[in-house]
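Structure first, commentary second.
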Amino acid sequence: MQEVFVTNDWLHKHMDDQDLVIVDCRATLGKPHAGYMAYQEGHIPGAIFADLEVDLSSDVEEHGGRHPLPETAKFSSWLIEHDITPEKTVIAYDEKGDMAPHLWWLLRYFGHDNVSVLIGGMANWISAGLPLATGIELKQTVTEERSFDQTAFEVYRPHPEMIVSRDELMKHVTNQGTAIQLIDARALKRYRGEIEPIDPVAGHIPTAICYPWEETVPLYEADDPKVAMAHHFSAIKKGSEVVVYCGSGVSACADILALHVAGIEAKLYPGSWSDWCSFEDSPIARG
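Using the UniProt record's numbering, the first residue of the sequence shown is number 1, and each one after it goes up by one.
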């Protein structure tokens, strides 16, 4: 099984491997072109770019949140475009630690478990003095020079058991469904409803406890991440149903990855707060 994390040294040693695909996941919420611009200015050599708004999300509608999960056909097309077959190892990296875990989760959701996250991301790579490339990498697409078996991509299908819907959470909140340990991965001030810089309503889903992703990500670099993350999430009971949400289902994946390392498999509420607050009848807690 592929390790959840890889180091600079490992990636630098293996970056030219034919069965490796490096993916730059950098993105800035509210600035849709910032990630791609940063990629062109400098990226890990050979890395392709995954656009959060274009490649990793579907169209925004009235409900469903700001970054709905991509349709199977759309995501499969992106995988095909970059020749990401099941036997390939994907290494995801970002800038702040929230975007690479999202691709890690998304690939696993569609059945590609052979994926890892680069510890420390781009900042760590640069500080180590490792090489950079600029501009746009030539897409690693399938050509006439090699055969291509479409069935290789038929394994990519959604795993609905990895997500929960708004209806399921409503049943939990109103005590009509299964008890859930609900985690809010946003900043504490957003959780409390003191500020809301993005969505139209402030607050959190009732019963949720706050584990900000920005406090979780530094644990990726701990000497023993498993021990550090198990301690960080010690209040979460193993064996119970754990669900994580954030603003739009992206940064929550940083907590889900950490929980996975700690031995706790959590589900994602894809629409997250941006979906929840779009319904007038959604209960909202503050404080």
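Each residue gets a CB set at the ideal place from its N, CA and C atoms; glycine is no exception. Quick caveat, the model's predicted, so the values are computed rather than measured.
- Following the DSSP letters along the chain, one finds L130 in no beta strand (DSSP E), marked with neither H nor E.
- With respect to the 8 Å criterion, N114 and K88 are classified as neighbours on the basis of their beta carbons.
- By the CB criterion at 8 Å, A27 and L52 fall inside the cutoff.
- In this structure D184 is in contact with I209, their Cβ atoms being roughly 7 Å apart against a cut-off of 8 Å.
- The segment 76 to 87 makes no contact with the segment 235 to 243; the number of CB pairs closer than 8 Å stays below 3.
- The UniProt domain "Rhodanese" (16 to 134) contains, as complete alpha helix (DSSP H) runs of 4+ residues, the segments 34 to 41, 72 to 81, 99 to 109, 121 to 127 (chain order).
- Within the same chain, and ignoring the five residues on either side of H43 in sequence, the residues whose Cβ sits closer than 7 Å to its Cβ are D24, L132, A133.
- No residue range can be given for L219, since it is assigned to no beta strand (DSSP E) and is classified by DSSP as neither H nor E.
- When only Cα atoms are considered, E137 and M37 end up about 13 Å apart.
- Residue pairing for Q181: DSSP places it in a beta bridge opposite V242.
- Between the beta-carbon of M229 and that of A187 there is about 19 Å, and that puts the pair past the 8 Å contact cut.
- Annotation for I48: V21, I22, V23, D24, H82, E137, K139, Q140 place their beta carbon closer than 8 Å to its own, counting only its chain and skipping 5 residues before and after.
- Measuring C-alpha to C-alpha distances from L56 to each of S77, F5, S282, Y39 identifies S77 as the nearest.
- Counted as a single uninterrupted DSSP element, the beta strand (DSSP E) harbouring K267 occupies residues 266 to 268.
- Scanning P101, S251, H12, G271 for the CA closest to the CA of S116 turns up P101.
- Per DSSP, M162 lies in no alpha helix (DSSP H) and is assigned neither H nor E.
- Judged by their CB atoms, G249 and G263 are not nearer to each other than the 8 Å cut-off.
- Annotation: I198 to P32 spans about 14 Å, alpha carbon to alpha carbon.
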